[in-house]
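What follows is a short report on a single structure.
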Amino acid sequence: MGLLELGIRDLRNLEEVDLRPAPGVNLITGANASGKSSLLEAVYFLGRGRSFRTHRFERLVRAGAATVQVVGRIAAGSEGSIPVGIERGRGGSRARLGGRDVRTLAELAAALPTQVITPHRHKLLEEGPRYRRQFLDWGVFHVEPAFLPEWQRYRRALRQRNAALRSGPREAAEAWEPELNQAAVALDRLRAQYVARLTAALPAYLDPLLGSLPVGLEYRRGWSAERAFEDVLAAHRAEDREQGFTGLGPHRAELTISLDGRPAADQVSRGQQKILVAALLLAQAGLFQELTGRCCVLLVDDVAAELDAEHRARLLRQVAALEAQAFVTAIEAPWAGELLPDSARMFHVEHGKVREMV
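The C-terminal residue of the sequence shown carries number 1107 in the working numbering, and the numbering is unbroken.
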């Protein structure tokens, strides 16, 4: 799995780019602001329907252009390839997959799983629970087919209960609690199972990068572990009505990442944070591969940032060992011949133009 072809139109300074990436490692070099990170952004946009760098369309689209367009062909084994494309303008987005319109971005995500490692992913350790829930749910979504319908079911019931708490009769909020409870229990089970699997998989990716550090993952489901969720909902009705929203549940879940029982962000340097987060993301990619037989596309932006030569080499070896398609950016790469497999392809970006280096 991966992209056989990639076409980019009017994304930041990439006016017109067409390339055929390798099925394994693709190294993209270029000066700062040349457009190499934008190339990774394009792949992410194709697989997720959004950017990992901005939420503002005017920053994504090339100056003077009306729309951003990214197209590609996804390798599909014996089936050949699947065309995929997305276009976004000020009026919204339109995506197609396999010759038909895509109804939800989840369809794109399932067809082209992407995982990104950037210098800013330390937020996974330092920022609030939302980032770690997103990390957790990426993994569950891609390995548990039941996750998405249960999450949609939960969000729908949660919206209805919250609306009833704010303006409906007392009985209206209570009426949505059985549905909310059933979906919450299902989500909790899927998340807990996934964290157990990820915890078991992590040392194989962490140890080669940082050694045998006592890193722990602890999943907290968003309400008391000693109480059934239906009882929690009943006990908190008055408080929830006063607040106008449901205060406990899977939408308040947390995944704590610790080192020796203390928050990992407080125990390691910024460079070590990057390596730890990279290990977590690579473990996710490896677990996805193990459980589904497919590979996600890895996007590694600015591989040398905040890493010494030894840790950069370790990270690149781990990326290559997954045998997944990977796009790796660097300002320059005198180490490429030593660290990258012979099958790797190298591209150079200059002023928004991309050329393959042979």
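Virtual Cβ for every residue (Gly too), placed ideally from N, Cα, C.
Because the structure is a prediction, the values reported are computed rather than measured.
Item to check | Beta-carbon separation (whole angstroms), Val-892 vs Phe-1037, contact threshold 8 Å | outcome: Position 143 of the sequence shown, counted from the first residue, corresponds to residue 892. Position 288 of the sequence shown, counted from the first residue, corresponds to residue 1037. Right, their Cβ atoms sit about 6 Å apart.
Next on the checklist: Just to confirm the assignment, what range does the alpha helix (DSSP H) spanning Gly-888 have?
Outcome noted: What you label residue 888 is simply residue 139 of the sequence shown in a count that begins at 1. Judged by DSSP secondary structure, Gly-888 falls within the alpha helix (DSSP H) whose first and last residues are 878–892.
Checklist entry - Hey, Ala-844 and Ala-895: beta-carbon distance below 8 Å or not? => result As a first step, residue 844 is located in the sequence shown; it is residue number 95 there, counting from the start. As a first step, residue 895 is located in the sequence shown; it is residue number 146 there, counting from the start. 8 Å or more divides the Cβ of Ala-844 from the Cβ of Ala-895.
Item to check | Cβ contact (3+ pairs, closer than 8 Å) linking the stretch 782–793 and the stretch 1093–1107 | outcome: These segments touch.
Next on the checklist: Taking 8 Å as the cut-off, does the stretch 1003–1011 touch the stretch 867–881 (at least 3 CB pairs, one atom from each stretch)?
Outcome noted: Flag = yes, the stretch 867–881 and the stretch 1003–1011 touch.
Checklist entry - Closest by CA to Asn-781, which one among Ala-1053, Leu-1065, Ala-1058, Arg-1066? => result Indexing the sequence shown from 1 puts residue 781 at position 32. Ranking the options by Cα distance to Asn-781, first place goes to Ala-1053.
Checklist entry - Does the distance from the C-beta atom of Leu-854 to that of Gly-798 stay below 8 Å? => result Position 105 of the sequence shown, counted from the start, is the residue given in the question as residue 854. Position 49 of the sequence shown, counted from the start, is the residue given in the question as residue 798. Yes, the pair counts as a contact, with Cβ atoms nearer than the cut-off.
Checklist entry - DSSP state of Gly-1042, grouped into three classes? => result Working through the sequence shown from its first residue, we reach residue 1042 at position 293. Coil.
Item to check | Sequence ranges, alpha helix (DSSP H) only - wholly within the stretch 1053–1106, length at least 4 | outcome: Taking 4 residues as the shortest admissible run, the stretch 1053–1106 contains the following complete alpha helix (DSSP H) segments, listed from N- to C-terminal end: 1058–1070, 1085–1088.
Item to check | Assumed close pair Arg-910, Thr-995 - CB separation to whole angstroms, cut-off 8 Å | outcome: Translated into the one-based positions of the sequence shown, residue 910 becomes position 161. Translated into the one-based positions of the sequence shown, residue 995 becomes position 246. Contact flag correct, Cβ pair sits at about 6 Å.
Checklist entry - Contact between the stretch 974–993 and the stretch 912–927: three or more CB pairs below 8 Å? => result Counting Cβ pairs under 8 Å, three or more are found: they touch.
Next on the checklist: Tell me which residues share the same chain as Ala-950 and place their Cβ nearer than 7 Å to its Cβ, disregarding the 5 neighbours each side in the sequence.
Outcome noted: Sequence index remark: in the sequence shown, residue 950 carries index 201 (1-based). Excluding residues within five positions, the ones whose Cβ falls inside 7 Å are Ala-1032, Gly-1035, Leu-1036.
Checklist entry - Would you call the stretch 1013–1032 and the stretch 935–945 in contact, with 3 or more CB pairs under 8 Å? => result Fewer than three Cβ pairs drawn from the stretch 1013–1032 and the stretch 935–945 lie within less than 8 Å of each other, which leaves the two stretches out of contact.
Checklist entry - Which residues in the same chain have their Cβ closer than 7 Å to the Cβ of Leu-897, if we skip the five residues on either side of it in sequence? => result For the purposes of this step, residue 897 is identified with residue 148 of the sequence shown, where counting begins at 1. Leaving aside the five residues that flank Leu-897 on each side, the residues in its chain whose CB is nearer than 7 Å to its CB run, in chain order, Ala-855, Phe-890.
Item to check | Cβ neighbour criterion (16 or more within 10 Å) applied to Thr-803 | outcome: Here residue 803 corresponds to residue number 54 of the sequence shown, with the count starting at 1. Exposed, since its Cβ has fewer than 16 Cβ neighbours within 10 Å.
Next on the checklist: Using a Cβ-Cβ cutoff of less than 8 Å, which residues in the same chain neighbour Glu-875 once the five nearest sequence positions on both sides are dropped?
Outcome noted: Locating residue 875 in the sequence shown gives position 126, where the first residue counts as 1. Taking Glu-875 as the centre and dropping the five residues before and after it, the same chain places the C-beta of Ala-1014, Gln-1022 closer than 8 Å to its C-beta, in chain order.
Checklist entry - Near Met-1106, what residues of its chain come up, given a Cβ to Cβ distance below 7 Å and the 5 sequence neighbours on each side ignored? => result On the sequence shown, position 357 is the one that residue 1106 refers to. If we look at Met-1106 and ignore the five residues flanking it on each side, its Cβ neighbours are Met-1095, Phe-1096, His-1097.
Checklist entry - Taking C-alpha atoms, which residue in Ser-1018, Gly-877, Arg-908 lies nearest to Leu-959? => result Along the sequence shown, one-based indexing puts residue 959 at 210. Per the C-alpha coordinates, the member of Ser-1018, Gly-877, Arg-908 positioned closest to Leu-959 is Ser-1018.
Next on the checklist: Only counting the same chain, and skipping five residues up and downstream in sequence, which positions put a Cβ closer than 7 Å to that of Glu-979?
Outcome noted: Translated into the one-based positions of the sequence shown, residue 979 becomes position 230. Only Glu-926, Asn-930 meet the Cβ criterion.
Item to check | Assumed close pair Val-818, Asp-759 - CB separation to whole angstroms, cut-off 8 Å | outcome: On the sequence shown, position 69 is the one that residue 818 refers to. On the sequence shown, position 10 is the one that residue 759 refers to. A small correction: the amino acid at residue 818 is Gln; Val does not occupy that position in the sequence shown. Sure, about 7 Å apart at Cβ, within 8 Å.
Item to check | Straight-line gap, Val-1046 to Gly-773 (C-alpha atoms, nearest Å) | outcome: On the sequence shown, residue 1046 is found 297 positions in, with the first residue counted as 1. On the sequence shown, residue 773 is found 24 positions in, with the first residue counted as 1. A straight-line Cα-Cα distance of about 9 Å links Val-1046 and Gly-773.
Checklist entry - Distance, Cα to Cα, Pro-957 vs Ala-815? => result Here residue 957 is taken as the residue at index 208 of the sequence shown, counted from 1. Here residue 815 is taken as the residue at index 66 of the sequence shown, counted from 1. Between Pro-957 and Ala-815, the C-alpha separation is close to 46 Å.
Next on the checklist: Pull the bridge partners of Glu-754 from the DSSP assignment, please.
Outcome noted: Numbered from its first residue, the sequence shown carries residue 754 at position 5. Paired residues: Arg-822.
Checklist entry - Which two residues bound the contiguous beta strand (DSSP E) that contains Asn-775? => result Residue mapping note: residue 775 aligns to position 26 of the sequence shown, counting from 1. Bounds of the beta strand (DSSP E) holding Asn-775 are 774–778.
Checklist entry - Roughly how many whole angstroms lie between the Cα atoms of Glu-975 and Val-981? => result Sequence index remark: in the sequence shown, residue 975 carries index 226 (1-based). Sequence index remark: in the sequence shown, residue 981 carries index 232 (1-based). Roughly 10 Å between the two C-alpha positions.
Next on the checklist: Please report the distance separating the alpha-carbon of Leu-966 from that of Asp-1091.
Outcome noted: If you number the sequence shown from 1, residue 966 lands on position 217. If you number the sequence shown from 1, residue 1091 lands on position 342. Approximately 36 Å between the Cα atoms of the pair.
Next on the checklist: If distances are taken between C-alpha atoms only, which option among Gly-779, Glu-920, Trp-887, Tyr-943 comes closest to Ala-859?
Outcome noted: As a working mapping, residue 859 is identified with position 110 in the sequence shown. Checked all of Gly-779, Glu-920, Trp-887, Tyr-943; the closest Cα to Ala-859 is Trp-887.
Checklist entry - Short check: CB of Gly-902 to CB of Ala-932, under 8 Å? => result Translated into positions along the sequence shown, residue 902 becomes position 153. Translated into positions along the sequence shown, residue 932 becomes position 183. For clarity, residue 902 is Arg in the given sequence; the question names Gly instead. Yes, these two residues count as a Cβ contact at 8 Å.
Checklist entry - Is the beta carbon of Thr-1078 less than 8 Å from the beta carbon of Asp-1050? => result Translated into positions along the sequence shown, residue 1078 becomes position 329. Translated into positions along the sequence shown, residue 1050 becomes position 301. The answer is yes: Cβ separation under 8 Å.
Next on the checklist: With DSSP as the reference, identify every bridge partner of Asp-980, one or two as the case may be.
Outcome noted: What you label residue 980 is simply residue 231 of the sequence shown in a count that begins at 1. Looking at the DSSP output, Asp-980 shares a beta bridge with no other residue.
Item to check | Proximity winner among Ala-921, Ala-1093, Gly-841, Val-833, relative to Val-810 (alpha-carbon distances) | outcome: Position 61 of the sequence shown, counted from the start, is the residue given in the question as residue 810. It is Gly-841.
Checklist entry - Three-state secondary structure (DSSP) at Thr-816? => result Counted from its first residue, the sequence shown places residue 816 at position 67. Strand, per DSSP.
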